[in-house]
Structure formats: structure tokens, C-alpha cells
Amino acid sequence: MTGGVGQVGPFLASVAGTLVILGLAIVAPGLAGYTPEAAPAGVFALFWAVICGTAAVASWRRETGNWVVNLSLRSLDLQIALSVGFALASLWALAVALTAPFYAASRVMILLPLALLTLSWLLVRYFSSIGPSDLPEAPALARWARVGIWQGALPALSELGRWWNPSGPWAAVVSWVTGLTILAAALDLSRANLEAWTQDVDRPLPLVDLTVIRLLGSRLNPLASMLDAAEDFLGVDLRGSWALRVVRQGAEPLAIAALFLGWLATSLTQVKVSEQGVVERFGRILPGAPLGPGLHLHLPWPIDQVRREPTARVLTIAVGHEGVEPAEPGPENVLWARQHESNEFMFLLGDGRDLVTIDGLMRYRIRDLRQYLTTTADTPALLRGLVYAAVTNRTVGRSLDQVLSENLEGLTHDIAVAVQADADVLGLGVEVIGMTVGGMHPPVVVAAEYEAVVSAQVGRETIVVGARTEAERDVPAAATAALVGVSKARADAGATIATAKGEAEAFRGARASLAADPALFQYRRRLEALEAGLSGRRIVILDDRLERDGATLWWTE
Amino acid sequence: MNIRWLLRLGLGGAAIVAILWSACAHVTREGETTLVLRFGRPVRVDGEAGLHVNLPWPIEVTVRLDKRRQVLETGLTEMLTRDKKNVVLMNYALWRVEDPLRFVQAIGTMDRAPAALEGLLANAAIGVLGHYDLSALTSTTSSDLHTTEIETDLLAAAAPTASQSYGIGIDRVALMRLSLPEQNISFVFDQMRAERRQYGARFTADGEKEAARIRADTSLEVARIEAGATEEAARIRGAADAEAARIYAEAHGQDPELYRFTRGLETLSKVVGDNTTLVLRTDVEPLSLLKGPKP
Chain A
17 MTGGVGQVGP FLASVAGTLV ILGLAIVAPG LAGYTPEAAP AGVFALFWAV
67 ICGTAAVASW RRETGNWVVN LSLRSLDLQI ALSVGFALAS LWALAVALTA
117 PFYAASRVMI LLPLALLTLS WLLVRYFSSI GPSDLPEAPA LARWARVGIW
167 QGALPALSEL GRWWNPSGPW AAVVSWVTGL TILAAALDLS RANLEAWTQD
217 VDRPLPLVDL TVIRLLGSRL NPLASMLDAA EDFLGVDLRG SWALRVVRQG
267 AEPLAIAALF LGWLATSLTQ VKVSEQGVVE RFGRILPGAP LGPGLHLHLP
317 WPIDQVRREP TARVLTIAVG HEGVEPAEPG PENVLWARQH ESNEFMFLLG
367 DGRDLVTIDG LMRYRIRDLR QYLTTTADTP ALLRGLVYAA VTNRTVGRSL
417 DQVLSENLEG LTHDIAVAVQ ADADVLGLGV EVIGMTVGGM HPPVVVAAEY
467 EAVVSAQVGR ETIVVGARTE AERDVPAAAT AALVGVSKAR ADAGATIATA
517 KGEAEAFRGA RASLAADPAL FQYRRRLEAL EAGLSGRRIV ILDDRLERDG
567 ATLWWTE
Chain B
24 MNIRWLLRLG LGGAAIVAIL WSACAHVTRE GETTLVLRFG RPVRVDGEAG
74 LHVNLPWPIE VTVRLDKRRQ VLETGLTEML TRDKKNVVLM NYALWRVEDP
124 LRFVQAIGTM DRAPAALEGL LANAAIGVLG HYDLSALTST TSSDLHTTEI
174 ETDLLAAAAP TASQSYGIGI DRVALMRLSL PEQNISFVFD QMRAERRQYG
224 ARFTADGEKE AARIRADTSL EVARIEAGAT EEAARIRGAA DAEAARIYAE
274 AHGQDPELYR FTRGLETLSK VVGDNTTLVL RTDVEPLSLL KGPKP
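If you want it as C-alpha cells, here you go:
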């Protein structure tokens, strides 16, 4: 156990470091608007604050002499909780950094990582100046401070990079580097927790002296630090190798030359095949024709900047619904009863009681790049307003039946002409190519009833066609029956006349026979009549002599 | 001094230039304007595009504003027309920063402007629409429509306040979408459905009426054909009967006695049916043969 007034300094320094870094950790993300870099930098600062705080407590316990009794057991649980917590926080920080949609902090925010850098540099100087006898964790804390310098420098460089090129991947790169550093430190802390908490108050706390921090923070130069760590672990000085010596000697000039060439490269701009560009010199667009596709030379940043836009590309504005319909394989099915988009609009029509849904697309392209860039901040949004206003103007005076039966080509042409005229008046620098309407129909919820009307129309035709079919069947059938009836009548008439003629001939024959022998003729004809009439009939024959002899006969059935 | 030190010197010089550039110069791009504040007090507006010089932070702070035309789409606003009908209106407004200092003092940043303007435009819309009937917004009679006047009134209602209070110039307010409140839309749908059902029923009735007419015409035609055929058949048969009667008369007139004889025999043979029972005497030929000679 050591003690004395000499250890008050390290203790106070650790407490001050804790408070300041904690303050930075809390304030920095808030002021920076949770910028991508601020999230992992804040987590690192918090991490470091806890390490410093732990060292401060250890220092204080060494002073008071009851370190072993109070903290030996609980500290282990605390460390495990800390390591898990920091691992999760670093993952969260990475996720926030990678998914941050945009960066809107002002340039003043560059001072915050610079403050972290400066404070870390001061702490490096301080902890390097005190010996392990005064504070056993001092060398380890100095290593933490060196890592802190880089954790502050990288966001500052990122801020500069963003200033130069706002769309560059600065935040992502810095977030990866700083976030992975924190993650590695958190995992290393977990590893350290597997070792028993030291019972010797004179040894440094293991959670302070992490391997990752030793690897990255033994020297201010990360490469030298890693070489030192490799020498410690392997016992071999890699600096002595020829290849590494060449690299070390050439690295700095190469890096500076690369920076210079990178700056010179900002004087070259490639304009893509569908684009045009204009050169801005100190913000003022240079006169002359816009830059066409190809490679162009101009003054380097920050004197000149080139703004490019896809002037040859046909751009579109959806009309009638928000967003763009999800692409489906195959051609689009435009059906009244099917919702095209989750947020379809309905336009009130002229009779004030009907609504119509329109699914259209306005196509345009940039005609005058200078006008396009300088007159309106959000030209697509303004065009959208013009298109909707034009559609509204042409629907508020019409009924649904008029809208549905209107010549769609004429309507879309009128709208496109009106939008072009408005765009020219406002100097938007765009050319309206045309408007297409994929569907103009009643709202989806009543579309079925409208389709039912069409079904009724078809049904009406079906009923009429059925009646016509019956007519087509019945009239010829009646004509056929009439023809048959008349033909039969003619046949009957022929038969009647033929019969009459036959019978007349027969009568003339009978007359000839009668003339030859009248009695015989009559006798024969009577007998023939009897043969024909009596054959097969029931006959009762009465003897005429019974009557002559006075007999009486009774006939009963 | 070796080349490494020269490079370091160049790098350091570039860094110093970059810091000085950042602190003491600002660029105003075309379409932008820059307000320069010295310890919070506005000292000038750098409205021309180009490079401008300023004192370093914290002495002077620059506020860059986009002075190009901006577009604001208002939210859907429900309002009452003069004839007490609810309508939902969505407008768009074209606005720009007219007075940078007033804009910064009243609103601060560009992204806060839409919220301020939206309230102003909603207020103007409610006020203006209260002076017009619904037919001024939507009507199949063109003389009833007054959308242009409404847009002019909206601009006149909102522009002075925007200019005086916010330093914003509004160039245009236009009707973008017109609809009905959600509560009313369901009833509109019911009405549209009922109307369509009416049309459907009408089509069905029309079809049935036309079909009945066709069937009636068909029946008439069939009856006409049948009647013609019956008439023709009767005429043919009548003519044949007349011809037969003439033939019979011509033949029978030559010997009426014989005709009566032969016709009587025919009639006799025809009237005797299968169920007829004949009672004959033996003194009738040929039954008289049954008696034979007397013994």
C-alpha cells in the first residue's frame, strides 16, 4: 500500500478527465445533431470517461487503503456489464452512423472533435509525465488518450472532407473506423474480465490496460504503435526489415503527393452521357454553352465546381398517387377495381358529387440547365404542382360521364400544353414531352358498380339477341309449316279431282255395262255390295216363311 | 532543408490557407444570398454570386439563404363554403426569400418556412372560401366556376402578411387538389353506387322491353304466315272440290238412275260398320238360295 499527498494529483486528473470527457460525450452528439461521426465518437468518449473514472476510484481507494475490501467482487460484475453495454452501444453507433440520411450540422461542429483532440493531447502529455509509482494506470491512460486523439482527428477530417464534397462517403468511413475501434475495445474488455480482479493494489487495473488500446495507442503514430506492440508480443523489431524501412521512408512523401494530386484531380470533371454540366467559379455560373458529355478541365476546387444534371434523360412525375408503383414482372395490369398505389388521390368533379381517380405520368426533360438550376429550388415539386393544378382545372368543370368518355389523347395534350406554358412563364428550363394516362376511372371502392353497369349493358344486348334468335327460329318454322300446309292442300286437291275423274270414268263404265245387260249388271252390283257389306259382320238370317206362317219373333241384345 | 520538409511545409501552408479560407471567405452561389452577422448584428447582404470576404468566426457569422423560387404544397385543409358545404382543398404556393434579414429574424432557416407559410395559407383559404359557393370551385356550368378569382384572392390574402411578417414573397397560390371530407366520401360513394344501379336496372329494363317487342313481332309474323297458308290451302281445296263436283255432275247427269243405284250401293257398304248386326230375310238374294226347292 502506497499513499501520500503525491497521489492526489493523478486522482484529481482522472476525475477531471472523467468529467470533461463525459461532458463531451453528452454534449457533442446533441450539438452536432447526432451526426454520423458524433455517435461513435460520443460512445468512445463515454467509454474513456468510465475508464478514467475507474482509475480515479482506484487511485482514491489506494489512498484510503480499503480498495480490496470494497470493490473486489462487485467490480467484476460491473466490468462485465460495462463490456456488454459498450459492445451494444458501439453496434448501435455503427448502425446510426450508417443509416443517417443526411448531415446538416454547421461548420462550427468541427470545433467539437478538435476539442476532443486537444484534450486528448493534453492528457497524453500529462499521463506520460507521471510515473507508474504515482499512478500504475498512467501509461495505459496515456495510450487511451492517444487513441482519443485519433478519435477526435478523424471526425474533424471528415468534416473537412464533407465541406469539400458533401456527397462523399466521409461519415461512413470515419464511422466504420471509430466504431470498429470501440467495438474491439469492448470485446477486449470482455476478455480482460475473464481474468480475476487483481488483489494487488499496486498493479494496474486490467480493464485500463487493454490489448487493443495498447496496439493502437502505444505511440501517436498508429503504425509505429502497432510495430511496438508486435515487438512486445513477438520479441522481433519489424522496423529493421528492408521493406518496411522503404515504406516508412516513402510513406509520408507519397501521402502528401497523393493529397496534392487528389486536389489537382478536382480540376477534372467527367460529364456522363445523359448529362450536361455548368461550371461555377466562386459560385457564379460561367457564361457559355453547358459542358457536354466527356472529360472537362477547369480550375480546381474551391475555385471552380461543376454542377451536373441529366438533361438528356426523360424524367417523370406521377399524377394521381404518391410514390411509384412497385415494379411487377410483366406488363402492368390497369384495372379499375384494383388499387394501383396505396395512396391514390380522388378528384372532385364538376357536379360536386362524383369523384374520379387518375393514374398518369408526366414526362419531361431539362431544356435549359442554367434556368433549371437557378430559378427554382425544387423544379420537380413545382412541376408536380403545375400538373395537378392543370388536371384539377380540367376536372372541376366536367361530370364523371364526360370525363370517362372524353377523348383522352386530347385531354392529356391540353394538360401538357398548359404545363409547358406555365413552366415557360416561370422560367423552369424544362421541356414537357407529354403526359400519359394509364387509367382514369371511378374510385376503386365503387368501380365494381360501374363495371356492373357495363354488365347490364351487355345483359341488355343479350336479352335482345335472345329474342331475335327466337324470331329467327319461329318465323322460318312458321313459313315452313305454311308451305307444307299449302302443298298438302294442293296434293289433296289433286287427289280429290283425280278421284272424281276416276269415279266419273267408273260411272261411265258402269253405264256401258248397264246398257249391255241391265238386270245382270244390277244383280252383280248388288251381290258385290252385299259381299263388301256383309263380309265379316254379324248376320241374323230370318226365314221368311216364319212370318208367312204367322210366327212371332222377339229380338233381344 | 530536404524535400520531406518542403512537402510538410507545403502541406502545413495548405492547411493554413484552408483554415483562413474557411474562416474569412464565403461563396455565394447563383440563386443564393448570404446574410453577414457581426456579433449577431446584421451588417450586409451579399446577394451577388461570387466570392466574398468576412471576418472570422466568432466575429462574423454568415447565413446562406436560397433565394430561388420555392414550392410549398399545403396539407389537405377542410373548409366550409358560403353555401355551408364542406370541401377539402390542397394548394401549392410559389414563394421566395424577399427580405433575408426579416426572414432570418422571423423564421430562421429555410426548413422552418413551410410550417409558417402553411398556417398562413390555410387561414387565407378558409377566409376566401367562405365567400364563395361550392359551385365556384366545381361546376359543370362554366359560368359558375371562379377558380381563377379564388386563386387571386388567396394570393391577395396571404402575400402581404408573408411579406411583412416573414420577409417572404409569395408569387402564386393555385388550387392543386379538390376533394370531399372523409366522412362525406362514403356517402358520395353510396350515391355513386345507387346511381350506377339505377343505370344498370334501366339497361336491363330496356333490354327486356326490346326483347318483348321482338317476340310480339315474331308472333304476329308467325300468325300472319299461318293464316296465309291456311287460306291458300282452303282455296286450293275448294277449287279441287268444285272441279270434282263438276266432274261428278257431268258424269252423273248422263244417267241419274244409275247414279242413284251405284251411289246407294256405295253408301250401303260404307254405313255398315264392323259392329253392325244385320237381320236379313231368306227371301232376299242371295240368301234365298238357303231355302232351296220345296220338297
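First to last, the sequence lines map onto chains A and B.
The numbering used here puts the first residue of the first sequence at 17, with every later residue one more than the last.
The numbering used here puts the first residue of the second sequence at 24, with every later residue one more than the last.
Just so you know, even glycine gets a beta-carbon here, dropped at the ideal spot from N, CA and C.
Taking the C-beta atoms as reference points, residue 446(A) is found nearer than 7 Å to residue 380(A).
For residue 375(A), the nearest beta carbon of chain B is not closer than 7 Å to its own beta carbon. Closest option to residue 222(B), judged by alpha-carbon separation, among 511(A), 493(A), 481(A) and 466(A): 466(A). Take residue 201(B), set aside five residues on each side of it, and the residues of its chain with a beta-carbon closer than 7 Å to its own are 110, 112, 160 and 161, in chain order.
DSSP lists 75(B) as the beta-bridge partner residues of residue 49(B). Under the three-state reduction of DSSP output, residue 549(A) falls in the helix class. Uninterrupted alpha helix (DSSP H) stretches at least 4 residues long and entirely within the segment 186-270 of chain B do not occur. If only complete runs of 4 or more residues are kept, the segment 142-199 of chain A shows the alpha helix (DSSP H) at 154-180, in order along the chain. For residue 392(A), the three-state secondary structure derived from DSSP is strand. Taking all protein chains shown into account, residue 249(A) has fewer than 16 neighbouring C-beta atoms within 10 Å of its C-beta and is therefore exposed. Relative to the Cα of residue 310(A), the nearest Cα in the group 289(A), 153(A), 414(A) and 443(A) belongs to 289(A). In its chain, beyond the 5 residues on either side, 174, 177 and 178 have a beta carbon closer than 6 Å to the beta carbon of residue 186(A).
Within a 10 Å sphere around the beta-carbon of residue 132(B) sit fewer than 16 other beta-carbons, which makes this residue exposed. Judged by beta-carbon spacing, residue 452(A) lies within the 7 Å limit of residue 377(A), meaning their Cβ atoms are closer than that value. In summary, the residues of the segment 76-109 of chain B whose CB is separated from some CB of chain A by less than 8 Å are 80, 89, 91, 92, 93, 94, 96 and 108, in the order they occur in the chain. Using a Cβ distance threshold of 7 Å, residue 89(B) and residue 121(B) do not count as a contacting pair. By the neighbour-count definition (other C-beta atoms within 10 Å, threshold 16), residue 438(A) is a buried residue. Among the residues of chain B, those whose CB is under 8 Å from the CB of residue 487(A) are 237, 238, 240, 241 and 244, following chain order. By DSSP's assignment, residue 321(A) forms a beta bridge with 296(A). Look at residue 434(A): its C-beta is not under 7 Å from any C-beta on chain B. Put simply, the CB of residue 565(A) is far from chain B, with every gap to its CB atoms at 7 Å or more.
Across the set 422(A), 396(A) and 363(A), the C-alpha of 363(A) shows the shortest separation from the C-alpha of residue 407(A). Spanning the alpha carbons of residue 153(A) and residue 130(B) requires a straight line of approximately 52 Å. DSSP places residue 310(A) in the uninterrupted beta strand (DSSP E) bounded by 310-313.
Identification of residues in the segment 396-424 of chain A having a C-beta nearer than 7 Å to some C-beta of chain B yields 397, 398, 401, 404, 405, 408, 409, 412, 413, 414 and 415, given in sequence order. Assignment of alpha helix (DSSP H) within the segment 224-264 of chain A, counting only whole runs of 4 or more residues, yields 227-233 and 238-250 in chain order.
Here the alpha carbons of residue 60(B) and residue 81(B) stand approximately 10 Å from one another.
In the structure shown, the three-state DSSP call for residue 554(A) is strand.
Under the Cβ distance rule, residue 230(B) counts among the residues neighbouring chain A, one pair being separated by less than 7 Å. In terms of Cβ geometry, residue 136(A) and residue 161(A) form a close pair [threshold 7 Å].
Beta-bridge partners assigned by DSSP to residue 418(A): none are found. The beta carbon of residue 266(B) falls within 7 Å of a beta carbon belonging to chain A, placing the residue at that interface. DSSP places residue 142(B) within a helical segment (H, G or I) once states are collapsed to three. Excluding residues up to 5 positions away in sequence, 170 lie with their Cβ nearer than 8 Å to the Cβ of residue 193(A) in the same chain. When the five nearest sequence neighbours on each side are left out, the beta carbons in the same chain lying within less than 6 Å of the beta carbon of residue 332(A) are those of 377 and 379, in order along the chain. When Cβ-Cβ separations below 7 Å define contact, residue 332(A) makes no contact with chain B.
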